[in-house]
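Below is one structure, written out as structure tokens; comments come after it.
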DNA sequence: TGGCTTATCGCAAACAGCCGCAATAGTGGT
DNA sequence: ACCACTATTGCGGCTGTTTGCGATAAGCCA
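Protein chains in written order, with this note's numbering: chain R, 1 to 132; chain W, 133 to 264.
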């Protein structure tokens, strides 16, 4: 089932704006900010409001098509959900970001699930610290 | 060495505003938002600007006197650095927050240090997920 | 005590992101 | 092809937080 059908199946509609956000996400290899997407879309379609981009990212996330991650700045990064799940390390002093195999975070996730009944999403926020 | 001396030792100054932020942090038992502090101070000293509170929290953090933690909303929470270090769980659906013994996060921290040379601060961001 | 340096201040404007509103436009049914 | 329903849009305004600015005042020395 394609995106269009899945949207309609949950009572959503496929609009020009939505398709543009989707395309921007597809074209972007890695994490993109909402601003990035908005700017890129507005280059060709200046009438499209940034808030529309934000709302569409939210909507597509509810559908499980994209996810977002918080880094150490206050800017949210978005990417397709079908991409390889991974954690993030970000260095507080030099700002470098690196990805992390999700398996490394599994033991903690399991521990939180078993001992605290908490299903943690450890990829949701970057881990902050100091790299070498 | 008291706060005043430590401030001056690193070229900082003790101002009325800074002392008020300090006092507010001392009075607050747990995590407080900058807004909380600003509002409380401004009740008696309306001329003090919120940005001054933010800058002072930053300054005191640089001195190692306070730290901040990111929860899932975009609001930063502050607390004295001498308080018991702990992790945070926050539920994405009901919003409940609970604290976590820091020891639980140690194995992951050790792993990141040993395998990736990354000194992680796992208390810096709350762990997001779904509680029972 | 008075003067000098400069950290810090208050203010105003910018930032990413969010929300309510009335107008617009997908969509499913006829 | 048209209609009715309502999800979605653009807009304006608001949030919490950060920044650049010129003015103020803390701290040091004479």
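Cβ atoms here follow ideal geometry from the backbone N, Cα and C, with glycine treated the same way.
With respect to chain W, the C-beta atom of residue 77 of chain R has no partner C-beta closer than 8 angstroms.
Your pair residue 231 of chain W and residue 218 of chain W checks out as a contact, with CB atoms roughly 5 angstroms apart and the cut at 8 angstroms. Close CB contacts of residue 164 of chain W within its chain, under the 6 angstroms cut and outside five residues either way in sequence, are with 210 (chain order). According to the DSSP assignment, residue 26 of chain R belongs to the alpha helix (DSSP H) that extends over 16-27.
With a threshold of 8 angstroms between beta carbons, residue 102 of chain R makes no contact with chain W. Every unbroken stretch of the alpha helix (DSSP H) spanning 4 or more residues and falling wholly within the region 15-101 of chain R is given here in chain order: 16-27, 34-44 and 50-62. Taking the beta carbon of residue 120 of chain R as reference, the chain W residues within 8 angstroms of it are 221, 259, 260 and 261, listed in sequence order. In this structure residue 150 of chain W is buried. Its beta-carbon is surrounded by 16 or more other beta-carbon atoms within 10 angstroms.
Counted as a single uninterrupted DSSP element, the alpha helix (DSSP H) harbouring residue 141 of chain W occupies residues 135-141.
In the displayed model, residue 243 of chain W falls within a helix according to three-state DSSP. Interface with chain W (8 angstroms Cβ-Cβ cutoff): residue 74 of chain R is included.
Following the DSSP letters along the chain, one finds residue 129 of chain R inside the beta strand (DSSP E) bounded by residues 127-130.
Distance from the Cα of residue 59 of chain R is smallest, within the candidate group R:8, R:128 and R:112, for R:8. Closest option to residue 264 of chain W, judged by alpha-carbon separation, among R:126, R:129, R:130 and R:112: R:112. By alpha-carbon distance to residue 92 of chain R, the top candidate from R:120, R:128, R:70 and R:122 is R:128. In this structure, the alpha-carbon of residue 137 of chain W lies about 9 angstroms from that of residue 144 of chain W. Proximity of the region 63-73 of chain R to the region 37-48 of chain R falls short of the contact definition, fewer than three beta-carbon pairs being nearer than 8 angstroms.
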